[in-house]
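Asker:
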Amino acid sequence: MLVTNQIVIDPSSNVVISYIDSGAPSSSSYETIVLVHGNSFSNAIFKRLLPLSAEFSIRIVALSRRGFAGSTPFAATEREFLSDNEEAQASASEQTKADFLSLRGLEILQFVDEFIKCSGIPAIEHSEDGRAGGIVLAGWSLGSAFTLAAVANVDSQLVSEEMRGRLGQYLRAHIMLEPAYTTIGLPVPSATWLPFRDPNIPLASRGSLFCLLVTGYFDYPEEIVSARDRDSAFGAITPSISRIPSIFTLRKPNMMKSSY
Numbered sequence: 001m002l003v004t005n006q007i008v009i010d011p012s013s014n015v016v017i018s019y020i021d022s023g024a025p026s027s028s029s030y031e032t033i034v035l036v037h038g039n040s041f042s043n044a045i046f047k048r049l050l051p052l053s054a055e056f057s058i059r060i061v062a063l064s065r066r067g068f069a070g071s072t073p074f075a076a077t078e079r080e081f082l083s084d085n086e087e088a089q090a091s092a093s094e095q096t097k098a099d100f101l102s103l104r105g106l107e108i109l110q111f112v113d114e115f116i117k118c119s120g121i122p123a124i125e126h127s128e129d130g131r132a133g134g135i136v137l138a139g140w141s142l143g144s145a146f147t148l149a150a151v152a153n154v155d156s157q158l159v160s161e162e163m164r165g166r167l168g169q170y171l172r173a174h175i176m177l178e179p180a181y182t183t184i185g186l187p188v189p190s191a192t193w194l195p196f197r198d199p200n201i202p203l204a205s206r207g208s209l210f211c212l213l214v215t216g217y218f219d220y221p222e223e224i225v226s227a228r229d230r231d232s233a234f235g236a237i238t239p240s241i242s243r244i245p246s247i248f249t250l251r252k253p254n255m256m257k258s259s260y
């Protein structure tokens, strides 16, 4: 049964994180997957996964990052360099950006910790057959940047000993699904074309074009696929007309624009 709820992760500032939850499966021992969405799609993009979880004795929880529907928006000072204002972006120091990312990682850890306390999910169990129970933290696309920030800060001073001990009993794996190159510290290949970085495309149109391309289908010639010819594959930027891009079949709530 799909449930939409909110968790207060910071009572002092009343910051809340919204989430959807498949609910516990019938098994008493199951894994919980906490999903973190990317930039262009909200956590509603995961809704179709939730009804499938019980069959595999999995509980799926998909949180809505701050700036997206249901969760606390960023304050003006927090989102200052997240805008399209190039001067604001340029004025932000590397330390300011690092601190911002660390705090977003902390928020994910706080969410996981509060969910552990209120949901009754099973902790990691060790046996001769391996491990069961516990939480898998999974970031999709840009979401991987935030889950990485969460994992990187488990041992930081931002996390209390009590919270760290609790997380240690539950966190069992970290998954990065389709992370961007820059998310994991890799340079973008020179042959790659990205609408977000093309100065010839108006800022207001870049997001829509990105969504069209990333949900499109591409028919590559067999010789390109067989040869794993990356340069030629990158040269095809027009989606095939053989299938409708998924962006046109998704319901509007699956594409909630960020408010930052």
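Residues 1 to 260 in full-length UniProt numbering are what the sequence shown spells out, letter by letter. Yeah, the Cβ is synthetic: ideal placement off N, Cα and C, and Gly gets one too.
H174 and L142 look like a contact to me (Cβ under 8 Å); what is the Cβ gap, rounded to whole Å?
Answerer: About 16 Å separates the two Cβ atoms, so there is no contact after all.
Asker: Check whether the region 92-104 and the region 42-60 are in contact - that is, three or more C-beta pairs closer than 8 Å.
Answerer: Cβ pair count under 8 Å is below three, so no.
Asker: Candidates V214, L106, I124: which alpha carbon is nearest W193's?
Answerer: The shortest Cα separation from W193 among V214, L106, I124 belongs to V214.
Asker: Which partner residues of R59 appear in the DSSP bridge assignment?
Answerer: For R59, which the question treats as bridged, DSSP gives the partners T32.
Asker: Can you tell me whether Y217 is buried or exposed, with buried defined as 16 or more other CB within 10 angstroms of its CB?
Answerer: Burial call: exposed.
Asker: Mark R66 as exposed unless 16 or more other C-beta atoms lie within 10 angstroms of its C-beta, in which case mark it buried.
Answerer: Buried: at least 16 other Cβ atoms inside 10 Å.
Asker: Which residues bound the beta strand (DSSP E) around E125?
Answerer: That run of the beta strand (DSSP E) goes 125-127.
Asker: Return the chain-ordered list of same chain residues with a C-beta closer than 8 Å to the C-beta of N254, the five sequence neighbours on each side being excluded.
Answerer: At N254, the pLDDT of 49 sits below 50, so the modelled position is not reliable; the number obtained from the coordinates is stated separately. Counting only Cβ-Cβ distances below 8 Å, and skipping sequence neighbours, we find F41, S42, A44, I45, K47.
Asker: Keeping to the same chain, check which residues put their C-beta closer than 6 Å to that of S259; ignore five residues upstream and five downstream.
Answerer: Confidence at S259 is low in this model, with a pLDDT of 40, below 50, so its placement is unreliable and no value can be given for it.
Asker: Going by other Cβ atoms of all chains shown within 10 Å of its Cβ, with 16 needed for buried, is G105 buried or exposed?
Answerer: So G105 ends up on the buried side.
Asker: In terms of residues, what are the limits of the beta strand (DSSP E) holding T4?
Answerer: 3-10 is the extent of the beta strand (DSSP E) around T4.
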